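Protein chains: 2
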Amino acid sequence: MAEVLNKTGLTALDELCVNTIRFLSMDGVQAAKSGHPGMPMGMAPAAYALWTRHLRFNPADPHWISRDRFVLSAGHGSMLLYSLLHLCGYDLPLEELKKFRQWGSKTAGHPEFGHTAGVEVTTGPLGQGISNSVGMAIAQKYLAARYNKDNYKIFDYHIYTICGDGCLQEGVSGEASSLAGHLGLDNLIVIYDDNHITIDGETTLSFTEKVADRYRAYGWNVIEIGGDGHDIAALDKALESAKAQTERPTMINFRTHIGFGSPHFQDTHTAHGAPLGEDEIKVIKNNFGWDPEKSFVVPDEVAKSMGQCKTNGQKLQAEYRKMFDAWAAAYPELAKELKEALSGKTVIDVSKFPKFDPATPIATRSASGKTLDALMPSMPLVVGGSADLTPSNNTHFKGAENFQKNSPTGRYIRYGIREHAMGAIMNGIAVSGIIRPYGGTFLVFADYMRPAIRLAAMSHYPTIFVFTHDSIGVGEDGPTHQPVETIASLRVIPGLLTFRPADANETTAMWKYILEYTGGPVATALTRQNLPVLDPAKYPNMKHFNKGAYVLVEQAKPDVLLIATGSEVQLAMMAAEKLAGENIKAQVVSMPCWELFEKQDKVYRDSVIPPAIKTRVGIEAGVRMGWDRWIGDNGEFVGMHSFGSSGPFKTCFEKFGITTDAVIAAAKKSLAK
Amino acid sequence: MAEVLNKTGLTALDELCVNTIRFLSMDGVQAAKSGHPGMPMGMAPAAYALWTRHLRFNPADPHWISRDRFVLSAGHGSMLLYSLLHLCGYDLPLEELKKFRQWGSKTAGHPEFGHTAGVEVTTGPLGQGISNSVGMAIAQKYLAARYNKDNYKIFDYHIYTICGDGCLQEGVSGEASSLAGHLGLDNLIVIYDDNHITIDGETTLSFTEKVADRYRAYGWNVIEIGGDGHDIAALDKALESAKAQTERPTMINFRTHIGFGSPHFQDTHTAHGAPLGEDEIKVIKNNFGWDPEKSFVVPDEVAKSMGQCKTNGQKLQAEYRKMFDAWAAAYPELAKELKEALSGKTVIDVSKFPKFDPATPIATRSASGKTLDALMPSMPLVVGGSADLTPSNNTHFKGAENFQKNSPTGRYIRYGIREHAMGAIMNGIAVSGIIRPYGGTFLVFADYMRPAIRLAAMSHYPTIFVFTHDSIGVGEDGPTHQPVETIASLRVIPGLLTFRPADANETTAMWKYILEYTGGPVATALTRQNLPVLDPAKYPNMKHFNKGAYVLVEQAKPDVLLIATGSEVQLAMMAAEKLAGENIKAQVVSMPCWELFEKQDKVYRDSVIPPAIKTRVGIEAGVRMGWDRWIGDNGEFVGMHSFGSSGPFKTCFEKFGITTDAVIAAAKKSLAK
């Protein structure tokens, strides 16, 4: 092809393509009467060049395991992505672009993973996408280290991320970027849409740091490109340089103009988050030589040119497939392992579980550690880690090596004191669909990573959040470290499973459930302090763990139900024993996972919490909220009503009135109603 | 005084003082069998020099408004602070140090604001203290700009903060530090305890970025001091340089050794978070020439030397008082304003409230904005802001100027896209006890700042968290931006008041309550979409807003209770009207603040939700958790059971079944029980 490139590296046809992206974006937002046109208008040239000249993908197979990943961290610019997906031949018809942000459309307000083909990760909440990208880059490194052999590059791709000022102001991106620099993730390439504008106005209002220098301090390769967002020759060069990196992630700082081409709104925050208006769009179309009366226009030559992406992609993947098949023949064991991983099916062999002596109390965090020790050696596609609380979280398993720049086969990630990044990075690993991440911190610090937990729940990422130190049982560290409201705050998140096992055996059962379940994220609440071990031989209903709640101590005709979770199940059992001495029959229910219990049928639920028995006590060393659902109008609650306090944990339980005696008193109070 | 300084700037007496701090810290942790000895051992020289040579304070009056502030951002090193407080003459007897981390002691596991005299802010969760410090520095700048006149320096102090690797890895500190650099907070001086060790091991595991360069990129003055943590001559010089700054905050990167002096544990993570053991402490005492058999020893000369802090402090404050009195005489109006502010009493003049036309629907975020417009001009000690959502949050009030480097009298802070820093900075402003901060973001992004909200609640900071866009009413932005679980997640936090007003008039009543209340933090949940205005003349019970819930539409003998909050109150009212047509008497309860309602006496509570009326419907465009408490065993709930979806907000309400018809159906279902 003999293309005539202008000084910025774009042909006339390229520019027509770029403008098509711009107008589709403007038209989409205008039709929705809602959305963010400014970013796509400014970034269309860069995104177009990236997608048509660099990104390796096959629109016909959005799940091709070796495709380059594209992450729109600035998720509000979703029309940019939808326009590209449509023009490049993904399964996203023009009709869907016309239904931007409408009920039931494939073009949600912000890109949603699993909802729209080609969307690699859910973005919108700022800072998440770029941090997910770090996880995606880690996943590529690990997968390449495990599966690539000789000339067989089974996992051979880059992660390309577009982010804006918002993403870079958010602390989570700083955390993740620092780790990316440390790990030398040369497969990560971020294009920073440096448009000098945020919702409040110019970035000079609050953001005058030297971003490039900051990223250099993180250990990144930083390339700055000035101009007006059209110097694609420079961008191409920068991308080539980025792809050639072998030590460092790359940030390309690309100066653009938000709302480019809008006579009234370019370089203003007005262009950011609202439709430009019919009139303004007409003026722009006129200025660009387009028919101002038409919307959602894709010129034939653009359709043809960008449609090449599909042909090219099919060719790319066909070549890949040949290599893959040769690799699979040469390495059948690896191929089998990979195939099984991709099927998403895991069966945990319970014979491998550690055995716990009913006579020896053990903390559930320790039982969890022992379970990981037993299971992990034969689960090469589960990658652990902790936000610098490894010795406390018991997340490191025997023999696990660190994942580092020079040891990408390592299966233990040292996230540093960066809970939020850990959450977002784990989500980025989880979307691989192959590697399963788990990572630990104290339960109370779930708050630090909550936005990542929320996105995992919304997008059904199978991320495993391991939280330990789950109540005032933390003791001396005091209220800053004692979660009292955290379990409740996790239970409110739709789609998240929160487990609070009562002992070591419930902990192993939990891990079996978690590792076999890939429907979404899970969170654990494990104790710091030792707990008695429940003997499954003595309590056969423990086999019903997966139902979320079960009758641990059964009564033919119970007088009262004692419903507890985690470390408080022992109190319920001791209270039941003492109550028996007073001829009060107390049925004890262990309720390790509310969400699973809610999914059971009414017959089972009624068998565990019989509707006729209104005399009930809920026991949990946390706040009451949510418990009324289970204890009902006549129920009593034994738990926390305030933040905790420093002291030895037994003193804390005593002083806050979470004791066997308190359970007995509550039972009698409920009986008296 | 003719002191003999060694090459690092310490006399023999100084070194004895330093070692006293070290041994008090080791002994405290050992006695508690819990805590963090390593940090105090490494940082004792720096902290000692800072407190005795630079910090201006009066232990006899920990509330002196012009004292220098000291923040131990690395809150786990609490014994360092407690040792200093004790030795410098604060009200913290040696007996309390012996009760470190015990129930009821003044020496909590991590420093707690309001619990121990001299503790400026609650720390422990990493990254918070340094970010609070930015708020404290902003407060000083504002107060100085408002009250200092000529030679009267009424507010003349620095904020000194000690932080470690953890604080600097946390994203929140990056957000806050970037803003601090932007604002040129030259009154902020951070000493970075650069000890190369975290809980997991050496910082080389995960933290190899160039911290100094990063802070330079933020616009800070960075001074690096090598050595072993004893080069106090260099530290003194650095602190003098820092105090002389007029444009930039300062970070002093001070290389130290964790667990300094411990033969077995120095420079290891073992020294970080556990007692060293009796034996090790004895060896160290021996090595340092101390009696290994004695604990909690304060040599007389140390007591005498450090006791000077008290005398010096009293002298300092006496001089200050003279100046203050002269200022008060010269500027009686300002003095009166300041005195009133310090009293903590505010009375809001309801006559200033905007009037809302019952015929014109208005979003509660807009009503909130109008209320701020009306009240703020006469409330110079309330400082607003937003995390870059000003036009959406309606947090900017008429005439408010930006708080910037060159306009420190500005009362509107542009926090940038940094929700977490905003929360922590607001907390730092709030502890001034003089300035009241409010700051806005979308409700869904409360998650980003949750650790700051939690600390505000625990420490009773009167921080005002303004959250708007409070439900699926957000509409087209989709589930990433539609809070469904966020209100519930706020209600679980002990001590936080969460308000969800039903209309414009409840919104003004809310602001009256908030601005008069200083007992702790509050959060608002305001709508994006317009809501009908309730006419107080027609609904006289609206005067009971402060009780958290009240009967909006009363029935002599109600058949059913419809209990709703915020935008769903209108549905309850419309349903009640329709039900009346079917001869079903529905009493409508508006419940804008659960926490306030819970504080009412039983008589009032029973008058609003009569126990005898079991037929109830709860209505809220959020998850159910918590509602069972109010609707009871026979109640029904109309709300969300999943994340939301993109679409026009009316469609979202329709599709998710939150409608008048759904309320009617639920009422009938409850009646049928």
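Protein sequence lines correspond, in order, to chains S and Y.
With the numbering used here applied, the first sequence corresponds to residues 811 to 1483, in that order.
With the numbering used here applied, the second sequence corresponds to residues 811 to 1483, in that order.
Built from N, CA and C at the ideal position, the CB exists for glycine as well.
Just so we're clear, the structure is a prediction, and the values are computed from it rather than from any experiment.
Query, Result
"Between the CA atoms of His1040 (chain Y) and Leu823 (chain Y) - distance to the nearest angstrom", "14 Å"
"Contacts around Ser1480 (chain Y), its chain only, beta-carbon distance under 7 Å, and the 5 residues preceding and following it disregarded", "Val1370, Thr1425, Arg1426, Val1427, Asn1444, Gly1445 and Glu1446"
"At least 3 beta-carbon pairs within less than 8 Å: the stretch 1205-1221 of chain Y vs the stretch 1174-1193 of chain Y", "yes"
"Cβ-based burial, Asp1484 (chain S) [other Cβ within 10 Å; buried from 16]", "Outside the modelled stretch of chain S, which goes from 811 to 1483, sits residue 1484 (chain S), for which no answer is possible."
"Reduced DSSP secondary structure (H/G/I, E/B, other) of Met811 (chain Y)", "Legend: pLDDT at Met811 (chain Y) = 36, less than 50; position of this residue unreliable, value from coordinates given subsequently. Note: Met811 (chain Y) maps to coil in three-state DSSP."
"Contact list for Val1302 (chain S) against chain Y, beta-carbon separation under 7 Å", "Glu1295, Ala1298, Ser1299, Val1433 and Met1435"
"CA-to-CA distance, Arg1415 (chain S) to Gly1329 (chain Y), given in whole angstroms", "42 Å"
"Limits of the unbroken beta strand (DSSP E) element including Tyr1248 (chain S)", "Arg1246 to Phe1252"
"Under 8 Å (Cβ pairs) to chain S, residues found in the stretch 1267-1286 of chain Y", "Ala1267, Met1268, Gly1285 and Glu1286"
"Positions along the stretch 889-914 of chain S whose CB lies within less than 9 Å of some CB in chain Y", "Phe910, Arg911, Gln912, Trp913 and Gly914"
"Exposed unless 16 or more other CB atoms sit within 10 angstroms - verdict on Thr926 (chain S)", "buried"
"Every unbroken beta strand (DSSP E) inside the stretch 1388-1451 of chain Y [3 residues or more]", "1396-1400, 1426-1429 and 1446-1448"
"Interface residues of chain S facing Pro1289 (chain Y) [CB-CB closer than 7 Å]", "Met1268"
"Cβ of Gln840 (chain Y) within 9 Å of any chain C Cβ", "Among the protein chains in the structure shown, which are S and Y, there is no chain C."
"Chain-ordered neighbours of Ala1177 (chain Y) on chain S, where CB pairs are closer than 8 Å", "Neighbours of Ala1177 (chain Y) on chain S: none; closest Cβ ~21 Å, over 8 Å."
"Cβ-based burial, Ser1153 (chain Y) [other Cβ within 10 Å; buried from 16]", "exposed"
"Between the CA atoms of Thr1018 (chain S) and Arg1026 (chain Y) - distance to the nearest angstrom", "12 Å"
"Length of the line joining the Cα atoms of Ala1267 (chain Y) and Ser1400 (chain S)", "31 Å"
"Contact with chain S by Cys1403 (chain Y), beta-carbon distance below 9 Å", "no"
"Every unbroken alpha helix (DSSP H) within the stretch 980-1007 of chain Y, with a cutoff of 4 residues, ordered by chain", "981-993"
"Beta-carbon gap between Asn1005 (chain Y) and Asp1077 (chain Y) smaller than 9 Å", "yes"
"Which listed residue (Y:Val931, Y:Ile969 and Y:Tyr952) has its alpha carbon closest to that of Arg877 (chain Y)", "Y:Ile969"
"Given Trp1404 (chain S) as reference, the closest of S:Asn1315, S:Ile1303 and S:Ala1396 once Cα atoms are compared", "S:Ile1303"
"Distance between Pro850 (chain S) and Met811 (chain S) (C-alpha atoms, nearest Å)", "With a pLDDT of 36 at Met811 (chain S), under the threshold of 50, the modelled position of this residue cannot be trusted, and the question is left open."
"Touching by the beta-carbon criterion (3+ pairs, under 8 Å), the stretch 846-864 of chain S and the stretch 1131-1148 of chain S", "no"
"In chain order, each beta strand (DSSP E) run of at least 3 residues that lies wholly inside the stretch 909-992 of chain Y", "969-973"
"C-beta neighbour in chain Y for Lys1424 (chain S), strict 9 Å", "yes"
"Reduced DSSP category for Gly1220 (chain Y) - H, G, I as helix; E, B as strand; rest coil", "coil"
"Within chain S, the residues that Pro935 (chain Y) reaches when beta carbons sit closer than 9 Å", "Val1254, Phe1255, Asp1257, Tyr1258, Thr1290 and His1291"
"Residues near Val1284 (chain S) by beta carbon distance below 6 Å, same chain, minus five either side", "His1291, Gln1292 and Arg1338"
"Exposure of Asn1393 (chain S), with buried meaning 16 or more beta-carbon neighbours within 10 Å", "exposed"
"For Ala986 (chain S) and Tyr1258 (chain S), the rounded distance between their alpha carbons", "14 Å"
"Val931 (chain Y) classed as buried or exposed, judged by whether at least 16 other C-beta atoms fall within 10 angstroms", "buried"
"Through-space distance from His846 (chain Y) to Glu825 (chain Y), alpha-carbon basis", "21 Å"
"Pro1346 (chain Y) to Ala1319 (chain Y) span [Cα, whole Å]", "11 Å"
"Arg1058 (chain Y) versus Y:Asp996, Y:Thr1013 and Y:Leu989, residue with shortest Cα-Cα distance", "Y:Asp996"
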